[in-house]
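Here's the structure, in structure tokens; my notes come after.
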Amino acid sequence: MTAFWQDPITFLRLWLENLLLFWGVPEGWVLVIRYTIGAVLLATAALLFVILQLWLERKLIGRLQDRLGPNRVGPWGLLQPIADVLKIFTKEHITPAGADRVPFNLAPVLSVAAALMVWAVVPFSATVFGAELNVGILYLLAVGAIGEIAIILAGWSSNNKYALLGALRTVAQLISYSVPMTLSALVPVMFSGSLNLNAITRAQEVWFLFLAPLPALIFLTASVAEVGRAPFDLPEAESELVAGYSVEYSGLKFGFFYVAEFLKAFTVSLIFAVLFLGGWRGPGAEAYPVLGFVYLFLKSSAVYLLMILLRGTLPRFRIDQVMDLNWKVFTPLALLLLMIIALVDYFLRGALPLVRVMVLLGVNALAYVILDRLLSSRERLRRQPVAQPVRPVARPENLINPSETGVAS
Amino acid sequence: MSILQWVFVVTAFLTVGAAVMMVASRRMMHAALWLAVALLGVGVIFITLEASFFAIVQLLVYIGAILILIVFAIMLTQRTDESGARLNAYAWAAAGIAGLIGAILAFTMAGWIIGSTALQELGSTFDAVLPLGQALVDAEGYAVPFEVASVLLLAALIGAVYIAFERKGERP
Amino acid sequence: MLSAWLYIGIFTLVAVALPAIAIFLAGLLAPKKPNPIKEATYECGVETVGPTWTQLRIQYYLFALAFLIFDVESVLLYPWAVAYQQLPLFAIVEAIIFLAILLGGLFYAWRKGALNWQ
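If you read the sequences in order, they're chains D, L and Y. Reading the first sequence from the start, the letters are residues 1 to 409 in the working numbering. Reading the second sequence from the start, the letters are residues 410 to 581 in the working numbering. Reading the third sequence from the start, the letters are residues 582 to 699 in the working numbering.
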């Protein structure tokens with residue numbers, strides 16, 4: 001019997017189970033009740049966590065941009081997000097004329113649901129994990145598909161050209177980036193021999209970040225793009241698309257797209273921490289499972305802070321740059337790395353852990369140096385031609401005599 | 410009936426209903442969305458069969474990729490008039506033929522003796538992914554189909570690029 | 582395994598129900614004063630011209646197809662990756678050939694300019 005302070009959640013769970021069994025509830029229903037309570041608590045906690053996260057992000061972005069950030073409501077502006085939530089709760093829901101009502105209302109719900117559903121399989125500590133699913137990683141990737149459907153629904157049902165274009169462009173970006181993401185998520189699976197997230201966590205005697213830093217980098221960048229945050233926030237490029245797929249939404253429906261975006265941002269940090277940073281592992285986490293929560297939270301917060309830093313530092317990409325980065329750098333690189341790591345790690349079977357780490361790190365470093373060379377030489381090639389063929393300007397004289405401008409169309 | 414059978418019956422009805430709605434809906438995008446519901450239903454049926462991997466693949470490939478491909482294909486077409494009748498003149502004949510084929514299939518299935526090979530019950534911890542992975546690349550398993558699948562995917566990629574870009578080459 | 586899926590099923594219901602209930606409650610709280618101007622399509626104040634159905638370029642379809650191909654490919658590779666630790670060199674080389682064929686396809690598409698966003 002574990003003590004309360006060692007593992008409070010398992011303690012409470014066992015207590016509840018025994019209580020229900022004592023009351024004569026059949027065993028199957030005990031399971032259902034336990035799962036329902038767990039799901040409601042976890043989902044609510046995740047949604048409430050977004051409120052804190054909103055404050056943190058606004059404050060940090062404010063500091064990065066040499067502003068104070070929220071500072072009026074409550075100490076350090078801590079109550080600002082709560083005030084925002086109350087405000088958005090009382091705003092009118094406008095349904096644009098010609099909107100397709102069912103998909104229009106379904107879209108924000110599905111968007112949040114897709115972000116929440118990821119939390120069902122995340123292992124939080126040695127003893128507390130949602131579903132011990134034997135296809136955990138694939139589940140994470142599949143849930144992303146539901147988010148894409150939600151975006152298509154939102155864009156199409158709004159009866160607005162810009163919403164539709166924004167939605168389809170967003171989906172094009174999301175599906176593109178899920179290619180290198182899926183490919184680099186194969187590497188932790190190879191190392192651990194399981195698709196189960198808890199098994200992957202347990203297999204990380206050495207963090208997979210040290211065994212495969214480049215796939216980890218690809219995975220992280222692709223997750224930032226999947227979330228659609230700066231520098232990949234084309235979906236909401238105001239200057240091009242009004243505001244993307246959520247233009248016609250107002251009130252809490254709009255708010256939920258916002259919530260889904262923030263929730264996804266933390267969720268991908270969580271997934272990155274589980275796949276590459278050892279999840280809940282840390283000194284004493286086996287004996288005191290409650291520590292696992294702390295470690296996982298610290299690790300994913302570190303990743304999340306990195307994402308905020310990226311958002312505050314980098315300018316937005318253009319859509320063609322986004323696509324080039326994905327299809328011409330990340331996808332081939334992920335494929336090549338997968339081949340190289342599969343081959344190298346085969347010959348390292350049974351080698352000392354230190355040797356294995358060193359060799360794999362060396363391989364990754366070598367790959368990085370070669371990539372850097374290739375990219376910078378490509379960059380040089382691209383910068384050489386200064387005089388591009390100029391597109392004819394629509395001046396009156398050009399329109400009358402297009403051949404005289406001397407520029408072939 | 411056990412709970413699992415109830416889940417199966419409800420999902421099966423939802424799936425078939427969504428498939429019917431897909432055929433009968435007036436707007437193309439609605440048809441695509443009903444298709445998503447039908448595909449999801451098939452995924453749930455895979456789950457009731459404890460085939461987690463296939464359930465997830467159903468979700469990942471069919472809803473995640475093929476459905477989005479279909480949506481893009483719909484958006485690629487010109488706007489068509491969507492106000493026509495739901496069913497055309499042949500609808501009832503088609504429904505009759507489909508019903509007949511369904512009845513024949515059901516009749517054949519009912520007479521099919523599954524008991525001829527002894528079925529083994531798999532343990533509750535049985536994980537189908539590992540044996541699947543071993544069989545896929547085993548020389549005596551499915552190594553050749555595995556490689557052929559890769560060639561097939563390559564052919565699909567080249568074909569798509571060819572169709573989309575060769576005509577463009579004619580234009581200077 | 583089914584109990585894991587039961588949890589996911591319950592979690593999905595909860596994850597859909599929570600935002601749905603919240604939107605419903607907010608709908609009760611929120612004012613409701615629709616008028617034609619408010620419901621008009623928002624295009625930064627400019628009147629809408631033409632139908633909403635804008636025709637997409639083939640580019641989108643091509644990227645979706647490329648995505649589908651790589652998606653199917655990685656789905657086939659996941660069982661291989663699970664078995665990776667127990668596989669002989671032959672099986673690993675086989676998967677590398679599998680990947681190399683697709684990498685070839687990617688380079689073909691690249692050379693043909695299919696990966697350029699225009």
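Every residue gets a Cβ at the ideal spot worked out from N, C-alpha and C, and that includes glycine.
Status (buried if at least 16 other CB within 10 Å, exposed otherwise) for residue i
i                      : result
residue 198 of chain D : buried
residue 623 of chain Y : buried
residue 438 of chain L : buried
residue 27 of chain D  : exposed
residue 377 of chain D : exposed
residue 323 of chain D : buried
residue 518 of chain L : exposed
residue 326 of chain D : buried
residue 57 of chain D  : buried
residue 697 of chain Y : exposed
residue 467 of chain L : buried
residue 295 of chain D : buried
residue 654 of chain Y : buried
residue 157 of chain D : buried
residue 173 of chain D : buried
residue 313 of chain D : exposed
residue 667 of chain Y : exposed
residue 516 of chain L : exposed
In DSSP terms, what residue i is bridged to
i                      : result
residue 129 of chain D : D:123
Residue from the options whose Cα sits closest to the Cα of residue i
i                      : options                    : result
residue 195 of chain D : D:217, D:146, D:349, D:141 : D:141
residue 90 of chain D  : Y:598, Y:609, Y:586, Y:587 : Y:609
residue 559 of chain L : Y:589, Y:590, Y:650, Y:693 : Y:650
residue 359 of chain D : D:325, D:221, D:213        : D:213
residue 245 of chain D : D:346, D:204, D:168        : D:168
residue 262 of chain D : D:6, D:250, D:52           : D:52
residue 343 of chain D : Y:619, Y:648, Y:675        : Y:675
residue 357 of chain D : D:264, D:203, D:209        : D:209
residue 33 of chain D  : Y:584, Y:617, Y:600, Y:686 : Y:584
residue 485 of chain L : Y:660, Y:657, Y:640        : Y:640
residue 373 of chain D : D:350, D:329, D:353        : D:329
residue 286 of chain D : D:14, D:124, D:233, D:154  : D:124
For residue j and residue i, the rounded distance between their alpha carbons
i                      : j                      : result
residue 537 of chain L : residue 102 of chain D : 39 Å
residue 684 of chain Y : residue 225 of chain D : 22 Å
residue 276 of chain D : residue 365 of chain D : 17 Å
residue 589 of chain Y : residue 498 of chain L : 44 Å
residue 304 of chain D : residue 511 of chain L : 53 Å
residue 644 of chain Y : residue 160 of chain D : 23 Å
residue 211 of chain D : residue 222 of chain D : 19 Å
residue 40 of chain D  : residue 355 of chain D : 46 Å
residue 144 of chain D : residue 474 of chain L : 11 Å
residue 334 of chain D : residue 188 of chain D : 13 Å
residue 565 of chain L : residue 646 of chain Y : 9 Å
residue 30 of chain D  : residue 117 of chain D : 22 Å
residue 670 of chain Y : residue 180 of chain D : 25 Å
residue 270 of chain D : residue 636 of chain Y : 38 Å
residue 177 of chain D : residue 94 of chain D  : 33 Å
residue 540 of chain L : residue 307 of chain D : 39 Å
residue 6 of chain D   : residue 283 of chain D : 14 Å
residue 134 of chain D : residue 597 of chain Y : 24 Å
residue 165 of chain D : residue 150 of chain D : 14 Å
residue 442 of chain L : residue 679 of chain Y : 34 Å
residue 426 of chain L : residue 507 of chain L : 15 Å
residue 274 of chain D : residue 200 of chain D : 8 Å
residue 152 of chain D : residue 414 of chain L : 34 Å
residue 545 of chain L : residue 677 of chain Y : 14 Å
residue 318 of chain D : residue 690 of chain Y : 21 Å
residue 601 of chain Y : residue 111 of chain D : 11 Å
Residue-chain proximity (residue i, chain D), Cβ-Cβ < 7 Å
i                      : result
residue 462 of chain L : yes
residue 595 of chain Y : yes
residue 650 of chain Y : no
CB contact check: residue i to chain L, cutoff 7 Å
i                      : result
residue 135 of chain D : yes
residue 674 of chain Y : no
Residue-chain proximity (residue i, chain Y), Cβ-Cβ < 7 Å
i                      : result
residue 561 of chain L : no
residue 472 of chain L : no
residue 57 of chain D  : no
residue 484 of chain L : yes
residue 251 of chain D : yes
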